[in-house]
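2 protein chains.
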Amino acid sequence: MSDSRPIGVFDSGLGGLTVVRELLRLMPGERVAYLGDTARCPYGGRSDEAIRLFARQDADFLMKRDIKMLVVACNTVSSVGLDALRTSADDIPVIGVVVPGAKAAVLRTAEKKVGVIGTRATVRADSYTKAIHDLDQSVIVYGQACSLFVPIVEEGLADHDVARVAAQHYLQRLVHLGIDCLILGCTHYPLMMEVIQETVSTRIQLIDSALWTAKEAQDILAAMNLLSPHKAGGLETSTFFVTDLTPTFRETASAFLGTSLPNAEKVSLDELAPDDSKKSTFQ
Amino acid sequence: MSDSRPIGVFDSGLGGLTVVRELLRLMPGERVAYLGDTARCPYGGRSDEAIRLFARQDADFLMKRDIKMLVVACNTVSSVGLDALRTSADDIPVIGVVVPGAKAAVLRTAEKKVGVIGTRATVRADSYTKAIHDLDQSVIVYGQACSLFVPIVEEGLADHDVARVAAQHYLQRLVHLGIDCLILGCTHYPLMMEVIQETVSTRIQLIDSALWTAKEAQDILAAMNLLSPHKAGGLETSTFFVTDLTPTFRETASAFLGTSLPNAEKVSLDELAPDDSKKSTFQ
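From first to last, the protein sequence lines are chains A and B. Mapping of the first sequence onto the numbering used here: residues 11 to 293, in sequence order. Mapping of the second sequence onto the numbering used here: residues 11 to 293, in sequence order.
Written as structure tokens, this is what we have:
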């Protein structure tokens with residue numbers, strides 16, 4: 011059996027397109043249905059309750075589009091709300107970006123000291139520590155919220171002095187703690203890779219979850235015999251939805267995708283939170 | 011006639027509390043009903059359509075609470091969506107922060123060259139230029155979006171080197187253009203006042219709209235004979251609503267208010283966008 015349905019991917023905004031890029035690079039026959047909640051991003055500073063509510067609405071929207079797998083490309087949602095999404099996903103596999111990143115870190119660290127950078131909510135949830143300790147209790151994990159990295163990347167200043175000063179501010183402590191491995195626990199951070207690497211020195215390996223998440227998705231689809239039967243999938247056959255056509259969204263999308271977004275459709279928040287779903291998700 | 015109903019004030023988040031502070035300082039007998047849309051802030055990078063929709067929902071929520079005046083404490087909404095709110099406000103006065111700030115700048119500039127800094131949406135709408143030209147066509151206005159200032163203030167780094175480097179990046183051009191007056195066109199920016207002043211030199215006067223907006227509110231209430239008959243109003247008799255109780259909201263609120271928030275109630279987005287209002291506001 012093979013399955014030509016799309017892989018559903020969502021993120022609070024456009025950073026999750028880094029995961030789409032890796033998915034389509036590894037599996038050029040697949041197509042993706044992507045949702046970016048650009049009307050309400052960023053999620054990283056909001057309460058767990060708000061994050062879970064928005065995540066549920068995002069997931070419900072994609073589930074209705076007959077997807078064969080749900081990839082939560084947002085570190086914040088993967089950290090705070092993945093279990094709840096799995097409960098409601100019925101029969102399709104749901105994966106986040108935290109476990110693949112954690113696996114990679116456990117395999118890479120020699121000193122058994124790993125740093126994790128992410129949004130406030132990701133660091134507060136301590137999700138990477140839990141995922142790493144499931145594999146190896148002896149690894150010490152240090153978390154650091156880097157709230158300015160997302161706006162710096164969105165502003166196109168990833169290579170500017172403002173990025174360098176912010177990186178110094180956030181990362182010095184982790185370097186002093188002796189980590190040898192640093193997980194980029196937010197899809198925006200790979201765009202600041204150079205400045206981050208220069209700040210922490212080349213001794214410390216950086217781990218970008220996007221590649222490992224895409225690989226995990228491929229392995230699960232292969233195991234379930236759900237890979238696409240088609241040779242040609244990719245960007246042109248994929249569909250992209252956003253909740254707000256912000257003035258800069260095309261430019262930002264290209265930065266994450268590495269190429270232009272072929273199409274994008276606006277979804278109203280109404281459609282994302284229809285009356286019947288709201289009743290079950292609001293407490 | 012006098013009127014003991016509250017003054018309604020809303021903002022995309024908590025920055026509008028600077029306006030509340032000035033309102034209650036000038037009019038200690040008044041009470042305020044404040045709404046901060048902390049589940050969907052910041053508005054400044056979103057499309058005009060999204061900004062107008064959210065603003066309409068914020069305003070509708072306050073209108074239902076029997077307010078005698080609506081103060082839009084958000085520069086982005088004041089720039090993009092004020093006219094639409096006025097049309098639907100029936101019989102209560104609606105004021106924004108742009109016109110009071112523009113008046114102050116026209117009165118202050120000797121060189122007739124004014125700079126305006128704000129969010130992307132505020133600068134794109136060119137609202138300060140229009141308001142200034144209504145008063146004096148000969149004043150030249152230069153706009154500059156400073157998208158990183160809001161997250162820097164929210165991160166508590168208003169006095170850090172990262173604020174200095176960002177200020178240099180955004181403000182150098184305005185200084186070279188010979189402005190003698192700079193409007194802080196976002197309620198967050200007064201918290202970066204020192205770094206901004208140091209960057210542009212003391213020759214350039216900074217204008218904070220909060221004081222001038224509060225004064226305008228007082229003048230209009232006095233003219234309409236709607237000032238409160240009470241001697242004691244203030245914070246304790248005011249009510250504060252937010253759409254998300256974010257982990258840092260109390261701390262952030264104190265920074266803007268200059269004192270602790272006495273109370274805060276969470277409003278669900280459901281209540282903000284009830285089914286009947288959605289039908290009329292969504293296109």
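Where a beta carbon is used, it is the ideal one built from N, C-alpha and C, also for glycine.
*asked:* Taking 7 Å as the limit between beta carbons, can you name the residues of its chain near residue 62 of chain B, skipping five residues before and five after?
replied: Correct list, in chain order: 90, 91, 94.
*CB residue 81 of chain B to CB residue 227 of chain B, shorter than 8 Å?*
yes
_Using a Cβ-Cβ cutoff of less than 7 Å, which residues in the same chain neighbour residue 118 of chain B once the five nearest sequence positions on both sides are dropped?_
Counting only Cβ-Cβ distances below 7 Å, and skipping sequence neighbours, we find 191, 215, 217.
*Using a C-beta cutoff of 8 Å, does residue 258 of chain B count as contacting chain D?*
Protein chains A and B are contained in the structure displayed, whereas chain D is not.
*Output, in sequence order along the chain, the residues in the region 126-148 of chain B whose CB is closer than 9 Å to any CB in chain A.*
Listed by position, the residues of the region 126-148 of chain B near chain A (Cβ gap below 9 Å) are 130, 131, 134.
*Measure how close the beta-carbons of residue 49 of chain B and residue 41 of chain A come, nearest whole angstrom, since I'm counting them as under 8 Å.*
With a Cβ gap of about 32 Å, residue 49 of chain B and residue 41 of chain A do not count as contacting.
*Compute the Euclidean distance between the alpha carbons of residue 291 of chain B and residue 70 of chain B, then round it to the nearest angstrom.*
Note on residue 291 of chain B: pLDDT 40, under 50, position unreliable in the model; the coordinate value appears next. If I take the Cα positions, the gap works out to 11 Å.
*What did DSSP end up calling residue 167 of chain B once you bin it into helix, strand or coil?*
Coil, per DSSP.
*In chain order, which alpha helix (DSSP H) runs of at least 4 residues are fully inside the region 199-286 of chain B?*
203-210, 219-233, 259-267, 279-282
*residue 183 of chain B and residue 147 of chain B: beta carbons closer than 8 Å?*
The Cβ atoms of residue 183 of chain B and residue 147 of chain B lie no closer than 8 Å to each other.
*When Cβ atoms are compared, which residues of the region 42-59 of chain B fall closer than 7 Å to chain A?*
49, 50, 55, 56, 57
*For residue 67 of chain A, the three-state DSSP class (helix, strand or coil)*: helix
*Do residue 161 of chain B and residue 181 of chain A have their CB atoms nearer than 8 Å?*
no
*asked:* Just to make sure I have the definition right: I need the residues of chain B whose C-beta is within less than 8 Å of the C-beta of residue 162 of chain A. Which are they?
replied: Simply 158.
*Tell me whether residue 73 of chain B sits in a helix, a strand or coil according to DSSP, three-state version.*
helix
*If you draw a straight line from the C-alpha of residue 185 of chain B to the C-alpha of residue 179 of chain B, how long is it?*
Distance from the CA of residue 185 of chain B to the CA of residue 179 of chain B, rounded to the nearest whole angstrom, comes to 11 Å.
*Taking the Cβ atom as the reference point for each residue, do residue 102 of chain A and residue 77 of chain A lie within a distance shorter than 8 Å?*
A contact, by the Cβ cut-off of 8 Å.
*asked:* Please identify, using Cβ separations under 7 Å, the residues of the region 173-189 of chain A that lie next to chain B, in order along the chain.
replied: Answer in chain order: 175, 176, 179.
_Per-residue burial, residue 125 of chain B [other beta carbons within 10 Å of its own, 16 or more giving buried]_ = buried
*Per-residue DSSP class, three states only, for residue 90 of chain B*: Residue 90 of chain B: helix per DSSP, three-state reduction.
_So the candidates are B:67, B:169, B:38, B:39; which of them puts its Cα closest to the Cα of residue 45 of chain B?_
B:67
*Under a three-way DSSP split, which group does residue 53 of chain A fall into?*
Here residue 53 of chain A sits in coil by DSSP.
*In whole angstroms, what is the alpha-carbon distance linking residue 176 of chain B and residue 74 of chain B?*
41 Å
*asked:* With the cut-off set at 8 Å, would you say residue 112 of chain B and residue 72 of chain B are in Cβ contact?
replied: Contact annotation: residue 112 of chain B and residue 72 of chain B have beta-carbon atoms that are not nearer than 8 Å.
*In chain A, which residues lie less than 8 Å from residue 254 of chain B when you measure between Cβ atoms?*
56, 57, 59, 60
*Under three-state DSSP, which class holds residue 192 of chain A?*
strand
*Within the 8 Å Cβ cut-off, does residue 165 of chain B reach chain A?*
Chain A, which has a Cβ nearer than 8 Å to the Cβ of residue 165 of chain B, makes this yes.
*Determine the contact status of residue 128 of chain A and residue 196 of chain A, defining contact as a CB-CB distance below 8 Å.*
For residue 128 of chain A and residue 196 of chain A, yes; Cβs fall inside 8 Å.
*DSSP on residue 185 of chain A, reduced to helix/strand/coil?*
In this structure, residue 185 of chain A counts as helix in the three-state DSSP scheme.
*Would you mind telling me which residues of chain B sit closer than 7 Å to residue 171 of chain A, beta carbon to beta carbon, in chain order?*
175
*Leaving out five residues before and five after residue 188 of chain A in sequence, what residues of the same chain have Cβ atoms less than 7 Å from its Cβ?*
Within the same chain, residue 188 of chain A has close Cβ partners 121, 123.
*What first and last residue would you give for the alpha helix (DSSP H) that runs through residue 111 of chain A?*
Bounds of the alpha helix (DSSP H) holding residue 111 of chain A are 108-118.
*For residue 33 of chain B, the residue or residues it bridges with in DSSP*: Answer is none; residue 33 of chain B lacks a bridge partner.
*Below 7 Å CB to CB, which residues in the same chain sit around residue 204 of chain A once its five sequence neighbours on both sides are set aside?*
169
*asked:* So for residue 147 of chain A, helix, strand or coil by DSSP?
replied: coil
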